[in-house]
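Participant:
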Amino acid sequence: MTGKFVRATLTAVALLCSSAWAQAAGAATTAGPAKIGIINMQDAIVACNEGQRDFGALQKKFDPKRDEIKRGTDEVEGLQKQLDTQGDKLNDEARAKLVKEIADKKKSLQRTAEDASADYQQQQGELANKIGSKMLEVVNKYGEANGYSVVLDVSGQNSPVLWAPATTNITPQIVEQYNTVSGVPAQAAPAGAKPPAAAKPAAPKPAGTSPKK
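Each residue of the sequence shown is one higher than the last, beginning at 7 in my numbering.
(1) The alpha helix (DSSP H) that contains L264, what's its start and end?
(2) Taking the C-alpha atoms as reference points, what is the distance between K147 and G162?
(3) Taking only three categories from DSSP, how would you classify C160?
(4) Taking the alpha helix (DSSP H) that I75 falls in, what are its first and last residues?
(5) Nearest by alpha-carbon distance to I176: which of Y154, R101 and D94 is it?
(6) Is it right to say L133 is buried, meaning 16 or more other beta carbons lie within 10 angstroms of its own, or is it exposed?
(7) Apart from the five residues on each side of it in sequence, which residues of its chain come closer than 6 angstroms, Cβ to Cβ, to G149?
(8) Rounded to the nearest angstrom, what separates M47 and D159 at their Cα positions?
(9) Have a look at the DSSP bridge pairing and note the partners of I44.
(10) In whole angstroms, what separates the C-alpha of K71 from that of G93?
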């Protein structure tokens, strides 16, 4: 729940990206050298103005739940510390009562955290797919207008792209065009906040690697 930002359900978008250019790639083999572009859809979805706005709103929506879980964690830690420091001074009944209270609170806290995490990730995925589906239209139009035969999404863990020259990366251009099409203005940065890093292709990760938060 804390930061596996858009590692949610972008599989469908990635598959659409691949299939959308399959016919063009086949035609390029007979017409001449293929012009290949790459895009990091995850970075683009997060970096565009709509993504900044909607994912930021989602983070704020779950702030109260995070605070609730933090309070519950602090309470459990306090009770555990009490048991560790005073347990030998308590009679059997009092000690058993405290142990049960800690166990019950831990179980309830874990259930709350798991439910909140599942809800958060589901809503992340819905936002990612909503923006990604619209962004795919921008990718298609940009690719056709600029003579690309294939555009590959390198944001997945199993991306086949191990290396590509920087000139093939169209992520910034797609973000710029998507912002124009969506009409969503740039989000004002909080006072003192550093500007977000520019979108760039992520290096493919071996299968089973934990995603970034």
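Don't be surprised by glycine CBs; every beta carbon is placed ideally from N, CA and C.
Facilitator: To lay it out plainly:
(1) The requested residue 264 does not occur in the structure, where the chain is confined to residues 7 to 219.
(2) Here the alpha carbons of G162 and K147 stand approximately 22 angstroms from one another.
(3) The amino acid at residue 160 is misidentified as Cys; the sequence shows Val. Here V160 carries a coil assignment [DSSP, helix/strand/coil].
(4) Where I75 is concerned, the enclosing alpha helix (DSSP H) stretches over D69 to Q92.
(5) Of Y154, R101 and D94, the smallest CA-CA separation from I176 is found for Y154.
(6) By the 10 Å Cβ count, L133 comes out buried.
(7) Result list for G149: V157, in chain order.
(8) Going from the Cα of M47 to the Cα of D159 covers about 6 angstroms.
(9) Beta-bridge partners of I44 (DSSP): L158 and N175.
(10) The alpha-carbon separation between K71 and G93 amounts to approximately 32 angstroms.
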